[in-house]
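Before any comments, here is the structure.
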Amino acid sequence: MDKNLEAIKQASLEDIRKAEDLKKLDSARIRYLGKKGKISALMELLKNLPASEKPLFGKELNSVKNDIQSAIERKRKSLEDKEQNTSVSGFLDVTMPGIARRTGAVHPITQTINEIIAVFRRMGFSIADGPDVETEFNNFDALNTPANHPSRDIQDTFYLENGNLLRTQTSPVQIRIMKKVKPPVRIIAPGRVYRNDTPDATHGHTFHQIEGLYVDKNVSLADLKGVLHSSARQILGNDIKIRFRPHFFPFTEPSVEYDFSCVICKGKGCKVCKNSGWLEISGAGMVDPRVYKNVGYDPDEYTGYAFGMGIERIAMIKFGIDDLRLLYENDIRFLRNLK
Ligand code: PHE
Numbered sequence: 003m004d005k006n007l008e009a010i011k012q013a014s015l016e017d018i019r020k021a022e023d024l025k026k027l028d029s030a031r032i033r034y035l036g037k038k039g040k041i042s043a044l045m046e047l048l049k050n051l052p053a054s055e056k057p058l059f060g061k062e063l064n065s066v067k068n069d070i071q072s073a074i075e076r077k078r079k080s081l082e083d084k085e086q087n088t089s090v091s092g093f094l095d096v097t098m099p100g101i102a103r104r105t106g107a108v109h110p111i112t113q114t115i116n117e118i119i120a121v122f123r124r125m126g127f128s129i130a131d132g133p134d135v136e137t138e139f140n141n142f143d144a145l146n147t148p149a150n151h152p153s154r155d156i157q158d159t160f161y162l163e164n165g166n167l168l169r170t171q172t173s174p175v176q177i178r179i180m181k182k183v184k185p186p187v188r189i190i191a192p193g194r195v196y197r198n199d200t201p202d203a204t205h206g207h208t209f210h211q212i213e214g215l216y217v218d219k220n221v222s223l224a225d226l227k228g229v230l231h232s233s234a235r236q237i238l239g240n241d242i243k244i245r246f247r248p249h250f251f252p253f254t255e256p257s258v259e260y261d262f263s264c265v266i267c268k269g270k271g272c273k274v275c276k277n278s279g280w281l282e283i284s285g286a287g288m289v290d291p292r293v294y295k296n297v298g299y300d301p302d303e304y305t306g307y308a309f310g311m312g313i314e315r316i317a318m319i320k321f322g323i324d325d326l327r328l329l330y331e332n333d334i335r336f337l338r339n340l341k
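Numbering of the sequence shown is given in the working numbering, commencing with residue 3 and proceeding in unit increments.
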């Protein structure tokens with residue numbers, strides 16, 4: 003091959019090899035194959051060669067031109083591939099950890115309610131329901147709560163303009179059920195209740211209760227104690243103790259308030275139980291015969307017990323929280339840590 007041609011070929015291939023990006027590759031292309039490029043110049047030269055030399059030189063020149071062209075093409079492809087792999091959109095590092103998708107979770111109050119419901123279902127209770135807006139009759143009168151009772155005071159009860167009220171307890175569900183069903187009845191009724199209280203660490207204007215009611219023949223206070231103790235053990239663990247304190251409710255006789263031993267400090271005293279070792283859960287008692295009269299049950303034939311359970315109190319022990327307001331601020335960072 004012509005020496006000059008050979009040198010141009012080598013130089014061009016070297017330039018192409020060294021081109022580190024598409025721009026440099028293009029300037030190499032122009033340098034050799036462009037209108038004023040070295041190969042084009044030789045094409046001009048070819049025209050003036052004697053006829054005897056034309057065929058050989060023409061052939062060699064063409065073959066060099068093709069070699070350069072295909073070398074450029076190959077290099078262009080490899081540069082393009084490289085560029086795509088390093089550009090942001092095309093970059094894929096299969097060793098990178100994935101982006102975790104967090105799933106939602108059931109709110110601690112709902113979790114607590116669900117767990118308590120499951121416990122009582124296993125003991126044969128069915129679920130009852132009542133509205134948040136109640137009549138004064140169901141919330142107070144039928145529950146033997148006289149018109150002058152302090153809990154009826156506007157300072158404790160949210161009254162609506164039409165004379166109804168936001169129920170202050172889940173006990174009116176007892177009335178609704180007993181008016182509908184003949185004994186035996188064995189129900190629990192979870193729900194929201196409202197009181198005109200100033201919120202603090204252990205009180206809210208809106209909170210949750212679960213009402214329990216069992217009416218049948220020969221039901222006794224011992225049955226009540228047994229059911230509450232058994233459910234407490236299932237909800238909070240076998241170590242739990244329960245105690246009754248004498249109390250008064252208009253719709254139960256005798257009435258008690260009952261406490262669970264604090265499972266957080268095991269009765270030693272801590273912030274959650276205010277150092278007493280006990281947590282007040284709610285009230286309970288044997289259904290007052292006057293309530294039976296109000297719903298058309300025969301008090302000589304039937305006896306029964308009723309109890310309330312403060313859900314927030316139980317959730318506080320279950321999750322070890324000393325301020326129930328935390329449950330309602332719905333700060334995801336806090337809720338996420340409750341298991
Ligand atoms: N309703 C009562 C309260 O909210 C609790 C209770 C329920 C008491 C059932 C006796 C029987 O304080």
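Using N, Cα and C, we set each Cβ at its ideal position, and we do this for glycine too.
Point to revise | Span of the alpha helix (DSSP H), counted from its first residue to its last, around T114 | key: Counted as a single uninterrupted DSSP element, the alpha helix (DSSP H) harbouring T114 occupies residues 110 to 124.
Review point. Does any heavy atom of the ligand PHE sit closer than 7 Å to the C-beta of E136?
Key: Because no heavy atom of the ligand PHE lies under 7 Å away, the Cβ of E136 does not count as near it: no.
Review point. Who are T305's beta bridge partners in DSSP?
Key: According to the DSSP secondary-structure assignment, T305 is paired through a beta bridge with D218.
**Study point:** S232 versus K11, V121, Q71, G39, residue with shortest Cα-Cα distance
**Key:** Relative to S232, the option among K11, V121, Q71, G39 whose CA is nearest is V121.
Practice item. Inspect the beta-carbon positions of I119 and T172 and report whether they are closer than 8 Å. Key: Cβ distance not < 8 Å, so I119 and T172 don't count as in contact.
Check your understanding: Taking 7 Å as the line, does the beta carbon of F309 fall inside it for any heavy atom of the ligand PHE?
Key -> Answer for F309: yes, Cβ within range of the ligand PHE.
Check your understanding: What do you reckon, is the C-beta of F251 under 7 Å from a heavy atom of the ligand PHE?
Key -> F251: yes, Cβ under 7 Å from the ligand PHE.
Check your understanding: Should Q211 be listed as close to the ligand PHE, given that the test is whether its C-beta is under 7 Å from any heavy atom?
Key -> Within the cutoff, so yes.
Check your understanding: From this set, A53, D69, N150, S153, which residue's C-alpha is nearest L7's C-alpha?
Key -> Among A53, D69, N150, S153, the Cα nearest to that of L7 belongs to D69.
**Study point:** P248 (DSSP reduced to helix, strand or coil)
**Key:** DSSP places P248 in strand when its eight states are reduced to three.
Review point. Pick from S42, G312, L168, I115: whose alpha carbon is nearest that of N1?
Key: As displayed, the chain neither begins before 3 nor continues past 341, which places residue 1 out of reach and without an answer.
Check your understanding: Count the other CB atoms within 10 Å of the CB of K40; is the residue buried (16 or more) or exposed (fewer)?
Key -> Looking at its Cβ environment, which holds 16 or more other Cβ atoms inside 10 Å, K40 is buried.
Exercise for review: State the Cα-Cα distance for the pair L162 and G285, rounded to the nearest angstrom.
Suggested key: Going from the Cα of L162 to the Cα of G285 covers about 26 Å.
**Study point:** Simplified DSSP assignment, three categories, for R169
**Key:** In the three-state DSSP reduction, R169 falls in the coil class, being neither helix nor strand.
**Study point:** Supposed close pair Y330, G206 - CB separation, criterion 8 Å
**Key:** Yes, Y330 and G206 are in contact; Cβ-Cβ is about 7 Å, under 8 Å.
Exercise for review: Check whether the Cβ of G193 lies closer than 7 Å to any heavy atom of the ligand PHE, and answer yes or no.
Suggested key: For G193, the CB stays at least 7 Å from every heavy atom of the ligand PHE.
Review point. Which one of G126, F309, P248, G322 has the shortest CA to CA distance from L215?
Key: Of the candidates G126, F309, P248, G322, the one whose C-alpha sits nearest the C-alpha of L215 is F309.
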